[in-house]
Structure formats: structure tokens, C-alpha cells
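Those protein sequence lines, which keep their order, are chains A and B.
Note that UniProt numbering gives residue 237 to position 237 of the first sequence, counting from 1, and the numbers run on in steps of one.
Note that UniProt numbering gives residue 116 to position 116 of the second sequence, counting from 1, and the numbers run on in steps of one.
There are 2 protein chains.
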Amino acid sequence: MGFVAFIGAGPGAADLITVRGARLLAQAEVVLHDALTDPALRELAPQARWIDVGKRGFCDSVAQTSINALLVRHGRADRRVVRLKGGDPSVFGRLEEELEALLAAGIDCEVVPGVTAAIAAAAATRRPLTRRGSGRSVSLSTAMTAVAGPRPAAGAPATHAAGPLRATRTADTEVIYMAGKQLAALGRQLAQAGWPADTPVSVVSRAGWPDQIHSDHRVETLAGAALLHAGRPTVVTVGAGARPVQAAAGHDDAAAIAAVPTPSGAARTPPAPRARNP
Amino acid sequence: MGFVAFIGAGPGAADLITVRGARLLAQAEVVLHDALTDPALRELAPQARWIDVGKRGFCDSVAQTSINALLVRHGRADRRVVRLKGGDPSVFGRLEEELEALLAAGIDCEVVPGVTAAIAAAAATRRPLTRRGSGRSVSLSTAMTAVAGPRPAAGAPATHAAGPLRATRTADTEVIYMAGKQLAALGRQLAQAGWPADTPVSVVSRAGWPDQIHSDHRVETLAGAALLHAGRPTVVTVGAGARPVQAAAGHDDAAAIAAVPTPSGAARTPPAPRARNP
Numbered sequence: 001m002g003f004v005a006f007i008g009a010g011p012g013a014a015d016l017i018t019v020r021g022a023r024l025l026a027q028a029e030v031v032l033h034d035a036l037t038d039p040a041l042r043e044l045a046p047q048a049r050w051i052d053v054g055k056r057g058f059c060d061s062v063a064q065t066s067i068n069a070l071l072v073r074h075g076r077a078d079r080r081v082v083r084l085k086g087g088d089p090s091v092f093g094r095l096e097e098e099l100e101a102l103l104a105a106g107i108d109c110e111v112v113p114g115v116t117a118a119i120a121a122a123a124a125t126r127r128p129l130t131r132r133g134s135g136r137s138v139s140l141s142t143a144m145t146a147v148a149g150p151r152p153a154a155g156a157p158a159t160h161a162a163g164p165l166r167a168t169r170t171a172d173t174e175v176i177y178m179a180g181k182q183l184a185a186l187g188r189q190l191a192q193a194g195w196p197a198d199t200p201v202s203v204v205s206r207a208g209w210p211d212q213i214h215s216d217h218r219v220e221t222l223a224g225a226a227l228l229h230a231g232r233p234t235v236v237t238v239g240a241g242a243r244p245v246q247a248a249a250g251h252d253d254a255a256a257i258a259a260v261p262t263p264s265g266a267a268r269t270p271p272a273p274r275a276r277n278p
Numbered sequence: 001m002g003f004v005a006f007i008g009a010g011p012g013a014a015d016l017i018t019v020r021g022a023r024l025l026a027q028a029e030v031v032l033h034d035a036l037t038d039p040a041l042r043e044l045a046p047q048a049r050w051i052d053v054g055k056r057g058f059c060d061s062v063a064q065t066s067i068n069a070l071l072v073r074h075g076r077a078d079r080r081v082v083r084l085k086g087g088d089p090s091v092f093g094r095l096e097e098e099l100e101a102l103l104a105a106g107i108d109c110e111v112v113p114g115v116t117a118a119i120a121a122a123a124a125t126r127r128p129l130t131r132r133g134s135g136r137s138v139s140l141s142t143a144m145t146a147v148a149g150p151r152p153a154a155g156a157p158a159t160h161a162a163g164p165l166r167a168t169r170t171a172d173t174e175v176i177y178m179a180g181k182q183l184a185a186l187g188r189q190l191a192q193a194g195w196p197a198d199t200p201v202s203v204v205s206r207a208g209w210p211d212q213i214h215s216d217h218r219v220e221t222l223a224g225a226a227l228l229h230a231g232r233p234t235v236v237t238v239g240a241g242a243r244p245v246q247a248a249a250g251h252d253d254a255a256a257i258a259a260v261p262t263p264s265g266a267a268r269t270p271p272a273p274r275a276r277n278p
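Below is the structure:
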């Protein structure tokens, strides 16, 4: 009886899906997909029926119930179902509700992890989220949260309301998802949470896409990013992980590099000399 | 002049690398790789020279200097170099030092993100790190940290010392990397940080591998995980993200599923009260 593979599609560009995810897509009969995934992903599963269950433009809680029901219906029909989610399913992906529905229906499933947006933004800007000495912890949170509290009962009228924007200073690097619409408010909140006004803030929208935009700010000037990233999926990185990496002093010493210390004494063949291009 | 691709190999199993990472590996001439990556990854680049620069068994800081120098040497030799790192390069991957060395040497590079261990463990156990209502933030930190302070100068004698174990309660879900050797101490630290004694803790070693081990604990009984996961790469998840997902009540109503509600809001069966997790 049916099987659902939850697959993290990665942050956008189709080739940031995992090899496992791509393989399972190629075997899918039905693909329920979010709005944000790269259309090129379709080429990985031309045989499948693709159903857009992206939540844009209508109420989240109603949409979630529909998605759950679609998963169960297709799973029960004994189809190989893929639920393709942007980024990673376990990070701000509403995975719990969908797993709950499948468990209740007795449908087996697998979760294939993906590259989450925080990590994609770090890679695209070459700014590691952790830094030796100064960046020992990373926090992932979201600026767009429903009001905390008990989940509305299924069937109850949708009570979707944006919760208060919450910005904290609990880690050396804070990454805030879905902040695109609230950059000015976020800057104020970060200052109130104790981040110094000159703390670096790196803002990336559509990380890893050809039309990626990256801009550098400080906590006190974050509002200036609002227009630039308007209407685009945006990740905001604050603190240690937002700093540009600087060239090391001393590392371009030719003698030191030629001497490369051998860690364990294990013999390594020195690479064959090869003509270097000018 | 040379080019280095930093590639996140994912948490272990070779097919959790990204499609982009796999493609770049296939073009590599030299691969500098960590100790933890799946040997099956070699099949993606049989043409390349594979150099193990894993840090096991010798001093980290000396090893890091060697790795930096090797990257620069091979980059300068105009080779297509891949630096293959376990998990994601930007999360506890010591990426900054290597980028600094390449920048100093004027060698261009790219960072290809990967699946980090926290996310792989969540997927393997089907326990999302974020949960609607109860899991709005995730913290990534490590139990194994060098003493904070200025980095030793390049070439200086290694002054590697394990820093104090630090456990916090700053997010709804805390994930602690590299905790395998300190599980008993970690349990005490988590209690001191304010986590209730009965907070669920999920421990996963070798996430996503055939020999993965997963065990459930509470903060007060975490010490009991030590023997089970001894000597294995281990990720510890605490709080909201550690709870097993429970079957939803009401979602297996056949009529409701057949009727798949439309986004505008069809009637749904209210669920029975949700069971609390132990």
C-alpha cells in the first residue's frame, strides 16, 4: 500500500537536490510540489503527474489540510508519491503535519534530506556559518510565524495571523528565514535583542539561482535592504557568519607551501611537476 | 590559475551528495577529502587523485595548516581541485581557514552546499527539527570546541585543547554535533541550562548509513546513550525536534480524504484531542 518519499529539493537550482532525491523522483508516479522549486526539476520526472500544492495566495492552514488529504489519497491508491519540498523538509517545511496524516493512514514513507536555505546562502556567498573561535553556534529561526499556541482544530475557521516578529541573540550566527517583507522591523528587533548596531548582516535572496541578489548591511542599516529584495525568498544572516572572509596573512609564503608538513609521517607522493600557465 | 570546489559530501551515504557536487567531482583532478566520507564517493571520480586529509589521530591545527598548504599547492599547479568535506562545508567544517588561504593565494573557488548532520538525523528518524506551534527555532552547536581566543599564527606550535562543554537552551530544538564522547556530561549540562529532566533527547550516530543507530532518551537519562554510540559520529537532538511524530487523529477518515477539501475551505471532521507525547 502506497509509499511517499518526502524529498528536499534544495534552495532552488535543480542541481542542488541530492542524488538520492533525484533517483527517487525518477521513479515517481505523482509529485506534489511546492511553489518555489526549479521548473528544471520536472525533467527529472517527466513520467510523473506533477501537482502544484504551493501555498501562495491562499490560507496556509486550509492548504495544509488539502495537501495532507492529497498525500493520503494518492498513497492509498498505491502510487509512488513524491512530496517535493523547497529546501529541506525538516526545517520550516511543515513536515510534521504531513507525517501525522500518513501515520494515521498507515502509509509508509521516507524522508530524503535537502540543502536548507541558510546553508545555501552561506555557500553562495562563501561565508561559513561557523567560524573558528568566533562562531561556535548557529540559530535558525523564521520571521514569519503563526501565532504561537495550540494549533487550530481541523475544520475550525482558518485563524491565520502573522505572529509577532521575533529576533534573538542566542547564537554567534543567527539566520532568519522568510524575512523579506520585514527587513526594517527585523533590524529594529535585532538591535533590541542586543546586537550592536554595527553587527554585519548579509542578506541573500534566491540563493544559488542565476538571479541571486546578495547585499551587505549592518543591524542599524538593515532597512536599506527592503527594496532590493522585495518579493523574493530571502535569508538574513547576522553576526559571525555574515562577515566576509578575508585573505590570510602569511599563507602565501611560497616556501611554507612547498614544504607542506606531512601530518602522520605517512609517505605521500609529491605531485608531478606540471607546467603552470602564466 | 587553478580552481578549488569545496563540496559538501553530505552526512555519509554517497547518494546524499548533491547532483552539482557529484558533477564537479566527476571533473576533478585532485580530491582532498575528510575521513568520514563514504568510500563509494570515489566511484564518482575514479580519474582523480584522492588524498586523505582527515584529521583523526593527530593535532587539528597542524593538520589544518597542512590542508591549507595542499589546497594552495594543487590550486597553483592549475589542477581542478575538489575539497570534499563531510556534511556541509559551512557548518563546523573549518571552511573559513581554507578560504582565507585560497584568497591569500589568489586562487578562485566555489562552495557547493551539502546536507548537514542535524538535518540528516532529522530525516533518518522522521522527526522534523521545526514543529508548528512548538518548534519555531533550531540551534546548531558543537560539544567539541577549541578554547575560544585568538587563533594560533600559521606555523606556530599547535595549542589544541578541548574547550568546556557548553549546552544551552536558546531554541525550541537544540542540535549538538560531535557529542559522542560526552553524552553523560551533556545531559548534566542540558539540565543546568534549564531543560526539564523529562525533555526528549534523540541520539543518532552514523545518520543515514546502513549501520545507523538511533536511540531515545530524556535529559536525565542521556548518560545511558554513551555506550551504545561510543566511537561513532553522533548527533544529539533535544526538545521539540526530538519528539516522535504521532499519528494524527481524524485524518484517516475515509470520507474526508475522498472529499479532499478545496483551498477555499470545505467542512472537515474535527480531530480527537491530540495525545501528548511521553
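Using N, Cα and C, we set each Cβ at its ideal position, and we do this for glycine too.
If you look at A26/A, you'll find it isn't in any beta strand (DSSP E); it sits in the alpha helix (DSSP H) that goes V19 to A26.
Nearest in C-alpha terms to A249/A, of all of R94/B, R166/B and L103/B, is L103/B. Chain A has a Cβ within less than 8 angstroms of the Cβ of Q246/B. Along the region 67 to 98 of chain A, the positions whose C-beta sits under 9 angstroms from a C-beta of chain B are N68, A69, L70, V72, R73, R76, D88, P89, S90, V91, F92, G93, R94, L95, E96 and E97, read in chain order. For T142/B, the C-beta contacts it makes with chain A under 9 angstroms involve T130, R136 and S137, in order along the chain.
With respect to the C-alpha of A26/A, the residue from Q192/A, L99/A, R80/A and D34/A having the closest C-alpha is R80/A.
Bridge pairing for A5/A: V82/A and E110/A [DSSP].
DSSP places P39/B in the helix class (H, G or I) of the three-state scheme. Boundaries cannot be given for L165/B, as no beta strand (DSSP E) includes it and DSSP labels it neither H nor E.
Bridge partners of G135/A according to DSSP: R131/A. Sequence-distant Cβ neighbours of T125/A in its own chain, meaning closer than 7 angstroms and more than five residues away, are S202, V204 and H214.
Every beta strand (DSSP E) of 3 residues or more that sits fully in the region 181 to 248 of chain A is shown, in chain order, as 200 to 205, 213 to 218 and 234 to 239. Of all C-beta pairs linking the region 1 to 9 of chain B to the region 19 to 33 of chain B, three or more are shorter than 8 angstroms, placing the two stretches in contact. Around the beta carbon of T221/B, fewer than 16 other beta carbons lie within 10 angstroms, which makes this residue exposed. In the assembly as shown, G194/B is an exposed residue. Its beta-carbon has fewer than 16 other beta-carbons within 10 Å.
Boundaries of the beta strand (DSSP E) harbouring E174/A: T173 to Y177, taken from the DSSP string.
Below 8 angstroms, too few C-beta pairs join the region 126 to 140 of chain B and the region 17 to 25 of chain B to call them touching: fewer than three.
When D78/A, A105/A and C109/A are compared, the shortest CA-CA separation from L84/A is found for C109/A. Note that the C-beta distance between G75/A and A105/A is below 8 angstroms. By the criterion of a C-beta distance shorter than 7 angstroms, G208/B is surrounded in its chain by P11, G12, A13, L16, A120 and A124, once the five residues flanking it on both sides are discounted. Shortest Cα-Cα distance from A101/B to any of G239/B, I176/B and L70/B involves L70/B. One Cα belongs to R94/A, the other to H217/A, and the distance between them is close to 30 angstroms.
Annotation: L41/B to W50/B spans about 11 angstroms, alpha carbon to alpha carbon. One finds A14, D15, L16, I17, T18, V19 and A22 in chain B with Cβ atoms closer than 8 angstroms to the Cβ of V19/A, taken in chain order. Taking the beta carbon of V4/B as reference, no residue of chain A falls within 9 angstroms; the closest one sits roughly 11 angstroms away.
Taking each of V236/A, V219/A and L99/A in turn and checking the Cα distance to Q64/A, the smallest one comes out for L99/A. Counting other Cβ atoms within 10 Å of its Cβ, L227/A stays below 16 and is therefore classed as exposed. The alpha carbon of S90/B has as its nearest neighbour, out of D172/B, A77/B, L140/B and N68/B, the alpha carbon of L140/B. For V204/B, none of the residues of chain A pass the 9 angstroms Cβ criterion, the least Cβ distance being about 12 angstroms. In the structure shown, the three-state DSSP call for V31/A is strand. DSSP places R76/A in the helix class (H, G or I) of the three-state scheme. Its Cα nearest to that of G86/A, the residue Y177/A stands out among L190/A, Y177/A and A230/A. Taking 8 angstroms as the CB threshold, E43/A stays off the interface with chain B. Distance check between M144/B and each of G135/B, A185/B and R243/B places A185/B closest, using alpha-carbon atoms only.
Under the three-state reduction of DSSP, D52/A is assigned to strand. Between P196/A and the set P46/A, A122/A and T168/A, the nearest pair of CA atoms involves T168/A.
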